[in-house]
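Residue numbers (the working numbering), protein chains in the order written: chain E, 2 to 385; chain V, 1427 to 1712.
Okay, so here's the structure we're looking at.
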Amino acid sequence: MTEQRTVLTGKHLMQGDMACAEGAIAAGCRFFAGYPITPATEIAERMARRMIEVGGIYVQMEDELASMAAIIGASWAGVKAMTATSGPGFSLMQENIGLAAMTETPCVVVNIMRGSPSTGQPTEPGQQDVMQAQWGSHGDYDVIALAPASVQEMFDLTIECFNLSETYRVPTFLLADGFIGHLWERVIIPPLEEIKVVKRKKPKVPPEKYIPFKPDDDLVPPMANFGDGYRVHVTGLTHDEHGYPRTDDPEVQFKLVQRLCEKIRKNAEKIIKIKELMLEDAEVAVIAYGIASRASISAVKKAREAGIKAGLLRLVTVWPFPEKIVSEIANQVKAIVVPEMNYGQLVREVERAAKETPVHFIPKLGGEPHKPDEIFEVIRRAVK
Amino acid sequence: MKAVQEFEMHHPMAKYLRTERFPHIWCEGCGNGIILGCFTRALDELKINIDKLVVVSGIGCIGRIAGYLRCDSFHTTHGRAIALATGIRLANPNLTLAVISGDGDLFSIGGNHFIHAARRNIDMTVICSNNFNYGMTGGQLGPTTPLHSYTTTSPYGNIEHPFNLVHLAAAAGAVYVARWTALHVQRLTASIKKALQKKGFKFIEVVSPCPEIFGRRNNFKKAIEMMRWLKDVSEIRHGYDPSKAEITMEKIVVGEFVDVEKPTYEELLQKKYIKVQEKLREKNAG
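In structure tokens:
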């Protein structure tokens, strides 16, 4: 198949959802399955137009259960695959997100978060699915979730999601809020050769010597695609290194679940990305991600103007949670301020890592983002 | 284990099976082994390249079939086999793709995926082992349990009208629809061969005896009695109107009900792809 217009190198004015679709294409995504949902529909619409141009597949499935199942199937057939949704669809996807975690299937799930619970506020942004991203499906497994704070990052971090997903064979989430998804900003798309793209590692041994779920030192097993001649059996049941069900052996279950978690935890330092602003001498730290981090920048600058030594830690990686980094900052500062567009989610992780350092939470519900002054006021009170 | 070794040495179909996983989980008298046998014979007679074969199954007794076949195989979450297979098919059109699962998996929890894959005419062969109940969980009422039959969750007799699967498949748009019982080994094998060679969404229902779980509660004291029953009540009628082919304890019409041609999703997509690429070339040249 000829491939044209794969990477739209240049400067563009784009919506966040569109930039996400372009990032996926640049990362090598050639399969998109989805179901319409506000505020993520524009990703599906862009993919419906663009996949056929680049020789990929767009398919609209009957629901989000099917969308998630389809991208797992496509990934095992050797094609990088993605779906995009919002809260209600993310809930339906949890079943097969668990399957993707259990079967170590590289795939990317974009969640453009809206006000919730339930049907909630379809057209209003929120950050209410942050804990669900890690804990949404039953059982123990670790995931990776990145939170973009600009349209440029919708492009860049979608690529990063694919690279991490392929590296660690884990479902990886782009956890964006409706603000960033619907925001229009300038995006710079670099030339194709400057974009770093990672592909899953393949078996180096012939089929008769291949043990499909036997990990390398990084705890990730090489992956043979369907049709490669390796004849792999994949199951959501507890399985041994051969991929065969072993549901009554406690040791097999322990070893498998441990590895599903540890392959992320042991590689956390390599995975985690953060952005710091004026933290070196800070006495109060704002910890934020996504849209909430944008107002936090203004708030921190205002605090500095008012003579308060404030700084910002922006979490680009939400999961695995940057616990060590937050702990170190907590040791340095007198107080931590956490603004989130929810009623208190990632702040619980911050509190856990901060130990005795006081944490001031600023909830925000309804669809309007935090105002810089609201955050500034809490900073001011926190250091009084 | 001696039996397994002898099977490996002498059985012509052993090469298609992960014999290291034997003995299998199925009860004595179950029809699932017969379906597995017919499927492997169809593969053998068609000389299918097993390296390019993918079998997808869901949850339930027959769901374990994916793990017994020595090919790329996926044992999915409950009900999602067809949705997952859709992803496999579209991502790699060169694979031979079969979904083999049960009546509860395909038509209760997975019913929505079945009708939509049939509507889209995604190229896959779907084989349903219909044993009238949820065998693996101990024999509960399912979407195909005959009216008035006894299960653990219909202890006073079933009051739900069952699905007529061949009618459902035909109405949803399947290009090939057949029904056999586990007794019709030759005809079932021929049907599987036909389906594997045909493009589009193909559906084969296999009425499969479940003497241990369903039979015991419904007056079949031995496995052989269920087989005798299948022999007595089944009636071969090719081209029969599927809407009239409801299964009752008194009558099971079997045969080929639908065999039509219709462009597949993949074929229609390929045509669109060529058009889009032409336009792009024109645009680039201009």
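Just so it is clear, CB atoms sit at the ideal spot from N, CA and C, and this is done for glycine as well.
Span separating the alpha-carbon of residue i from that of residue j
i: residue 228 of chain E; j: residue 205 of chain E; result: 16 angstroms
i: residue 152 of chain E; j: residue 1704 of chain V; result: 32 angstroms
i: residue 293 of chain E; j: residue 6 of chain E; result: 34 angstroms
i: residue 2 of chain E; j: residue 138 of chain E; result: Unreliable placement is indicated for residue 2 of chain E, whose pLDDT of 41 sits below 50; no coordinate value is reported for it.
i: residue 89 of chain E; j: residue 182 of chain E; result: 16 angstroms
i: residue 1474 of chain V; j: residue 1467 of chain V; result: 10 angstroms
i: residue 1451 of chain V; j: residue 1523 of chain V; result: 24 angstroms
i: residue 1687 of chain V; j: residue 1652 of chain V; result: 36 angstroms
i: residue 1438 of chain V; j: residue 1463 of chain V; result: 10 angstroms
i: residue 1521 of chain V; j: residue 186 of chain E; result: 43 angstroms
i: residue 176 of chain E; j: residue 1487 of chain V; result: 38 angstroms
i: residue 43 of chain E; j: residue 179 of chain E; result: 11 angstroms
i: residue 1632 of chain V; j: residue 1608 of chain V; result: 6 angstroms
i: residue 132 of chain E; j: residue 1455 of chain V; result: 48 angstroms
i: residue 1434 of chain V; j: residue 1445 of chain V; result: 7 angstroms
i: residue 377 of chain E; j: residue 134 of chain E; result: 29 angstroms
i: residue 1479 of chain V; j: residue 337 of chain E; result: 56 angstroms
Short CB-CB distance (under 7 angstroms) between residue i and chain E
i: residue 1489 of chain V; result: no
i: residue 1544 of chain V; result: no
i: residue 1514 of chain V; result: yes
i: residue 1465 of chain V; result: no
i: residue 1493 of chain V; result: yes
i: residue 1518 of chain V; result: yes
i: residue 1529 of chain V; result: no
i: residue 1521 of chain V; result: yes
i: residue 1480 of chain V; result: yes
i: residue 1458 of chain V; result: no
i: residue 1699 of chain V; result: yes
i: residue 1472 of chain V; result: no
i: residue 1525 of chain V; result: no
i: residue 1445 of chain V; result: no
i: residue 1440 of chain V; result: no
i: residue 1510 of chain V; result: yes
i: residue 1557 of chain V; result: no
Within-7 angstroms CB hit, residue i to chain V
i: residue 313 of chain E; result: no
i: residue 100 of chain E; result: yes
i: residue 234 of chain E; result: yes
i: residue 145 of chain E; result: no
i: residue 228 of chain E; result: yes
i: residue 58 of chain E; result: yes
i: residue 163 of chain E; result: no
i: residue 4 of chain E; result: Confidence at residue 4 of chain E is low in this model, with a pLDDT of 44, below 50, so its placement is unreliable and the value that follows should be read with caution. Cβ-Cβ to chain V under 7 angstroms: no for residue 4 of chain E.
i: residue 70 of chain E; result: yes
i: residue 32 of chain E; result: yes
i: residue 263 of chain E; result: no
i: residue 237 of chain E; result: yes
i: residue 80 of chain E; result: yes
i: residue 182 of chain E; result: no
i: residue 7 of chain E; result: no
i: residue 74 of chain E; result: yes
Beta-carbon separation (whole angstroms), residue i vs residue j, contact threshold 8 angstroms
i: residue 1498 of chain V; j: residue 232 of chain E; result: 6 angstroms
i: residue 1500 of chain V; j: residue 77 of chain E; result: 7 angstroms
i: residue 307 of chain E; j: residue 373 of chain E; result: 12 angstroms between Cβ atoms; not a contact.
i: residue 1543 of chain V; j: residue 1527 of chain V; result: Contact doesn't hold; Cβ gap of about 12 angstroms is too wide.
i: residue 275 of chain E; j: residue 314 of chain E; result: 6 angstroms
i: residue 291 of chain E; j: residue 61 of chain E; result: With 8 angstroms as the limit, residue 291 of chain E and residue 61 of chain E do not qualify as a contact, their Cβ atoms being about 27 angstroms apart.
i: residue 63 of chain E; j: residue 1538 of chain V; result: 5 angstroms
CB contact check: residue i to chain A, cutoff 7 angstroms
i: residue 1547 of chain V; result: Among the protein chains of the structure shown, namely E and V, there is no chain A.
Can you list, in chain order, the stretches of the alpha helix (DSSP H) that have 4 or more residues and sit fully within the segment 14-64 of chain E?
Listed in chain order, the complete alpha helix (DSSP H) runs (minimum 4 residues) inside the segment 14-64 of chain E are 17-27, 42-51.
Check whether the segment 314-327 of chain E and the segment 263-283 of chain E are in contact - that is, three or more C-beta pairs closer than 8 angstroms.
With a cut-off of 8 angstroms, the segment 263-283 of chain E and the segment 314-327 of chain E count as touching, because enough Cβ pairs lie within range.
Below 8 angstroms, can you find three or more Cβ-Cβ pairs linking the segment 113-124 of chain E to the segment 242-255 of chain E?
Of all C-beta pairs linking the segment 113-124 of chain E to the segment 242-255 of chain E, fewer than three are shorter than 8 angstroms, placing the two stretches out of contact.
Three-pair Cβ contact test at 8 angstroms for the segment 52-67 of chain E versus the segment 199-216 of chain E:
Touching, no.
Report the residue ranges of all beta strand (DSSP E) runs contained in full by the segment 1481-1530 of chain V; include only those spanning at least 3 residues, in chain order.
Runs of the beta strand (DSSP E) spanning 3 or more residues and lying entirely within the segment 1481-1530 of chain V occur at 1498-1501, 1522-1528, in chain order.
When you compare the segment 75-89 of chain E with the segment 16-32 of chain E, are there three or more beta-carbon pairs, one atom per stretch, that lie closer than 8 angstroms?
In this structure the segment 75-89 of chain E lies against the segment 16-32 of chain E, because at least three pairs of beta carbons, one per stretch, are closer than 8 angstroms.
For the structure I just gave you, are there three or more beta carbon pairs, one from the segment 1579-1591 of chain V and one from the segment 1660-1667 of chain V, closer than 8 angstroms?
Result no; under three Cβ-Cβ pairs closer than 8 angstroms.
Which runs of the beta strand (DSSP E) spanning at least 3 residues fall entirely within the segment 67-143 of chain E, listed in chain order?
List check, beta strand (DSSP E) in window: 82-86, 108-116, 122-126.
Is it a yes or a no for the segment 145-163 of chain E touching the segment 92-105 of chain E, going by three-plus beta-carbon pairs under 8 angstroms?
When Cβ pairs closer than 8 angstroms are counted between the two stretches, the segment 145-163 of chain E is seen not to touch the segment 92-105 of chain E, the count staying below three.
Can you list, in chain order, the stretches of the alpha helix (DSSP H) that have 4 or more residues and sit fully within the segment 1568-1656 of chain V?
Runs of the alpha helix (DSSP H) inside the segment 1568-1656 of chain V: 1591-1598, 1611-1623.
Evaluate contact between the segment 102-118 of chain E and the segment 1537-1555 of chain V, counting only Cβ atoms and requiring at least three cross-stretch pairs below 8 angstroms.
Fewer than three pairs of CB atoms, one per stretch, sit closer than 8 angstroms, so the segment 102-118 of chain E makes no contact with the segment 1537-1555 of chain V.
Could you pull out every unbroken beta strand (DSSP E) segment of at least 3 residues lying fully inside the segment 163-188 of chain E, listed in chain order?
Segments of the beta strand (DSSP E) lying fully in the segment 163-188 of chain E: 172-178.
Using 8 angstroms as the cut-off, can you tell me whether the segment 1606-1619 of chain V makes contact with the segment 1696-1703 of chain V, which would need three or more C-beta pairs spanning the two stretches below that distance?
Inter-segment contact for the segment 1606-1619 of chain V and the segment 1696-1703 of chain V is absent: fewer than three beta-carbon pairs are separated by less than 8 angstroms.
Taking 8 angstroms as the threshold, find out whether the segment 1625-1643 of chain V comes into contact with the segment 1591-1610 of chain V through three or more Cβ pairs.
Yes: the two stretches touch, three or more of their Cβ pairs being nearer than 8 angstroms.
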